[in-house]
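A.B. asks: Residue numbers (our numbering), protein chains in the order written: chain A, 40 to 341; chain B, 31 to 388. No residue lacks a Cβ here, since even glycine has one placed at the ideal position from N, Cα and C.
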Ligand SMILES: Nc1ncnc2c1ncn2[C@@H]1O[C@H](COP(=O)(O)OP(=O)(O)O)[C@@H](O)[C@H]1O
Ligand code: SF4
Ligand SMILES: [Mg+2]
């Protein structure tokens, strides 16, 4: 890959070599994130801000019927931007507070998944041997398990509270994160620069912290985003089945479920939570993929 | 050689306090066995060698002959699990085989260092190159961050990198292969090692750059009274830059001699074949090279007899039955070879017969 036109070279590196190095395709800094990526990030930021500051938006209470004037299944109006549902509750308000539920479950669940899965994955790849084999075996069994059915059963016994849902969905994302982190760590541990660092007398802990961990982070960030999307989706599915947080608390999933079970509901009532969920998932997956592509050095070189 | 090295060098220059002559490395019957799914693979099979301070040993052999495993075995830098090392490596009187990792770590860097084959993969992509050099200085010499960074820049200048202050802030991906290999050399030289192992340091590089890197290594070695083991598959590269050459085949030393004696009187047919497959300076650049036909033997189930028998034009029945030992000819006590029917001559080529290192 080095056909550098060097003519007369003294000791030292010729300007030609410097220039060639800078001009080499694939070695230039990776190109910037595109417009659509920033749109996705914008949408996610909007959702997050709205969810965080929901209390300051002067919305109608999401869970109590709006008293006067009583309007059941009202179409969008100035008073109720997205109309009201069959219990005459403000749909916009339920949507905003529903975002809160979805995002909090997604965020905390992901934190559990990354915390446990990430550290187990690195640990496993680092110690190798029997512990690694055992852990991997357990994780693969969990991966093969139809998670949604297991989650449904557990919640049925344990109760459908938000914290239970967070814990369960978080735990079920552990094997996924574990697998990704372990693979990234393993790939990294066999790299020549790890041997080179060892050949300079670095301890295993130092190698793990300074040479391997920074190279695992990009993969971990990307998969954090994917996991976040995955948990929101699962929460949506649970909600749709009426198995997530219980009505009257709203989540996007149970709003869709509620609206689809009610023939008198306005189209807006089903479209609003569905598009919010859809846009959020598209944004998360696209952003995650862009991050993965940008930081995946192995693909960059091809 | 006009590396304009600023004299603010904080990095230690070796050789100030140390002895500059005498035995440095003594490897005896070193054997490396790697566990593979097909069974144990003997990648290095009973290699012995000696090296004095300041001297250069070339290790030459085809790809797969065990050069990398040998150089890493000498250092003790093996992929721990599933690899077994027997024999002895004495470095400055200290036994390294079976030594605790903590002892090895204190030697790796300040006393023995390695330059790796592929500069594209042996630098960490996420750290600036200056930091990668400074890291090792801080670890072993306990330099402050600031001092280590200054030394890193000095080292970059010493290995011939232009505008080192700026380059120190580059990531590996921003440098060409030749420059990365210079950075690797700077890292290896950082703590002033007494022994440098260079494992095919120029193999991936353009010919012109190759020559520059070789000169740089030779210069560094002379300035620092450093011993070097230079591993390559190219006899041409080591011909003018080494004191001794060991030719390796299938994990064994098959010919071992002071460089001038080896080229004056090649004994082992494998060395002869390697020589025929080496580009010569004098030849027109498009002369066809005779590649050696056939492939090295399977190291998991090694056939009896001479390992080279299947490919050797001079092979006879005895070769396929009995394995030749590494012996010296009476006329040339420094010149070892493992062959039943050696080439060349066994009358003294150097009438003075003075062994260069008895
Ligand atoms: N990690 C390993 N696992 C299995 N076999 C290996 C490993 N490393 C090296 N070998 C084998 O050892 C032999 C010597 O390899 P190597 O030292 O890399 O050769 P060279 O450096 O001379 O090209 C080869 O046959 C190779 O297949
Ligand atoms: S021992 Fe026989 S087969 Fe081996 S190199 Fe010598 S002549 Fe060839
Ligand atoms: Mg090699």
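Give me the chain A residues within the contact set of residue 148(B), using Cβ-Cβ distance strictly less than 8 Å, ordered along the chain.
C.D. replies: Under the 8 Å cutoff, chain A gives 231.
A.B. asks: Quick one: does the C-beta of residue 355(B) sit closer than 7 Å to a heavy atom of ligand 2?
C.D. replies: No, the beta carbon of residue 355(B) sits no closer than 7 Å to any heavy atom of ligand 2.
A.B. asks: Would you say residue 185(B) and residue 163(B) are within 8 Å of each other, going by their C-beta atoms?
C.D. replies: The answer is yes: Cβ separation under 8 Å.
A.B. asks: Buried or exposed: which applies to residue 300(B), given that a residue is buried once 16 or more other Cβ atoms fall within 10 Å of its Cβ?
C.D. replies: Residue 300(B) should be labelled buried.
A.B. asks: Please report the straight-line C-alpha distance between residue 223(B) and residue 139(B), rounded to a whole angstrom.
C.D. replies: The straight-line gap from Cα to Cα measures roughly 6 Å.
A.B. asks: What do you reckon, is the C-beta of residue 366(B) under 7 Å from a heavy atom of ligand 2?
C.D. replies: Result no, Cβ not under 7 Å from ligand 2.
A.B. asks: Given a limit of 8 Å on CB to CB distance, which residues of the segment 168-196 of chain B reach chain A?
C.D. replies: Cβ contacts with chain A: 169, 170, 190, 191 and 192.
A.B. asks: Would you check if the distance between the CB atom of residue 266(A) and the CB atom of residue 152(A) is smaller than 8 Å?
C.D. replies: Yes, Cβ-Cβ distance for residue 266(A) and residue 152(A) is below 8 Å.
A.B. asks: Under 5 Å, CB to any heavy atom of ligand 2. Which residues pass, going along the chain?
C.D. replies: Spelled out in chain order, the answer is 299(B), 336(B), 338(B), 339(B), 342(B), 344(B), 345(B), 349(B), 354(B), 369(B), 370(B) and 371(B).
A.B. asks: Where does residue 322(B) sit, in a helix, a strand or coil, going by DSSP?
C.D. replies: Here residue 322(B) sits in coil by DSSP.
A.B. asks: Are the beta-carbon atoms belonging to residue 82(B) and residue 54(B) less than 8 Å from one another?
C.D. replies: Cβ atoms of residue 82(B) and residue 54(B): closer than 8 Å.
A.B. asks: Let me know the beta strand (DSSP E) ranges lying completely inside the segment 211-257 of chain B, each 3 residues or longer, listed in chain order.
C.D. replies: Complete beta strand (DSSP E) runs here, min 3: 225-229.
A.B. asks: Can you list, in chain order, the residues of the segment 148-165 of chain B whose Cβ is nearer than 8 Å to any Cβ on chain A?
C.D. replies: Result list: 148, 151, 152, 153, 154, 155, 156, 157 and 165.
A.B. asks: Under the DSSP definition of a beta bridge, which residues are partnered with residue 88(B)?
C.D. replies: The partner list for residue 88(B) (beta bridge, DSSP) reads 260(B) and 275(B).
A.B. asks: Quick check: residue 151(B) and residue 217(B), are their CB atoms within less than 8 Å of each other?
C.D. replies: Taking 8 Å as the Cβ cut-off, residue 151(B) and residue 217(B) do not qualify as a contacting pair.
A.B. asks: For a test of the three-state rule: what should DSSP assign to residue 60(A), helix, strand or coil?
C.D. replies: Per-residue confidence for residue 60(A) stands at a pLDDT of 43, beneath the threshold of 50, marking its modelled position as unreliable; the derived number appears in the next sentence. Correct three-state label for residue 60(A): helix.
A.B. asks: At a Cβ threshold of 8 Å, is residue 175(A) touching chain B?
C.D. replies: Cβ-Cβ to chain B under 8 Å: no for residue 175(A).
A.B. asks: Is it the case that the CB of residue 99(B) approaches a heavy atom of ligand 1 more closely than 7 Å?
C.D. replies: For ligand 1, at least one heavy atom lies less than 7 Å from the Cβ of residue 99(B).
A.B. asks: By how many angstroms is the C-alpha of residue 221(A) removed from the C-alpha of residue 259(B)?
C.D. replies: Each residue's alpha carbon lies about 36 Å from the other.
A.B. asks: Put residue 392(B) into one of helix, strand or coil per three-state DSSP.
C.D. replies: In the structure displayed, chain B extends from 31 to 388; residue 392(B) sits before or after that span and is not available.
A.B. asks: For chain A, check one thing: does any of its Cβ atoms lie closer than 8 Å to the Cβ of residue 219(B)?
C.D. replies: Closer than 8 Å: no.
A.B. asks: Mind checking who residue 124(B) pairs with in its DSSP beta bridge?
C.D. replies: DSSP, once it has assigned bridges, lists 121(B) as partnering residue 124(B).
A.B. asks: When the distance is taken between beta carbons, is residue 229(B) closer than 8 Å to residue 261(B)?
C.D. replies: Contact: yes.
A.B. asks: For residue 139(B) and chain A, any beta-carbon pair shorter than 8 Å?
C.D. replies: So, interface residue.
A.B. asks: So residue 234(A) packs on residue 107(B), CB below 8 Å; how close in whole Å?
C.D. replies: Confirmed, Cβ separation roughly 7 Å.
A.B. asks: Beta-carbon of residue 198(B) versus every beta-carbon of chain A: anything under 8 Å?
C.D. replies: No, residue 198(B) does not count as interfacial toward chain A.
A.B. asks: For the candidate residues 272(A), 283(A) and 316(A), whose alpha-carbon lies nearest to that of residue 192(A)?
C.D. replies: Residue 192(A) has its Cα closest to that of 283(A), out of 272(A), 283(A) and 316(A).
A.B. asks: Nearest to residue 78(B) by alpha carbon, out of 194(B), 284(B) and 361(B)?
C.D. replies: Comparing Cα positions, the closest option is 284(B).
A.B. asks: Give a yes or no on whether 8 Å exceeds the smallest Cβ distance from residue 256(B) to chain A.
C.D. replies: No, because no Cβ of chain A sits closer than 8 Å to the Cβ of residue 256(B).
A.B. asks: If you draw a straight line from the alpha carbon of residue 263(A) to that of residue 339(B), how long is it in whole angstroms?
C.D. replies: Approximately 57 Å between the Cα atoms of the pair.
A.B. asks: Give a yes or no on whether the minimum CB-CB distance between residue 157(A) and chain B is below 8 Å.
C.D. replies: Judged by the 8 Å Cβ criterion, residue 157(A) is not in contact with chain B.
A.B. asks: Does the Cβ of residue 172(A) have 16 or more other Cβ atoms within 10 Å, making it buried, or fewer, making it exposed?
C.D. replies: By the neighbour-count rule (16 or more Cβ atoms within 10 Å), residue 172(A) is not buried but exposed.
A.B. asks: Tell me whether residue 64(B), by its Cβ, gets closer than 7 Å to a heavy atom of ligand 1.
C.D. replies: At least one heavy atom of ligand 1 is nearer than 7 Å to the Cβ of residue 64(B), so yes.
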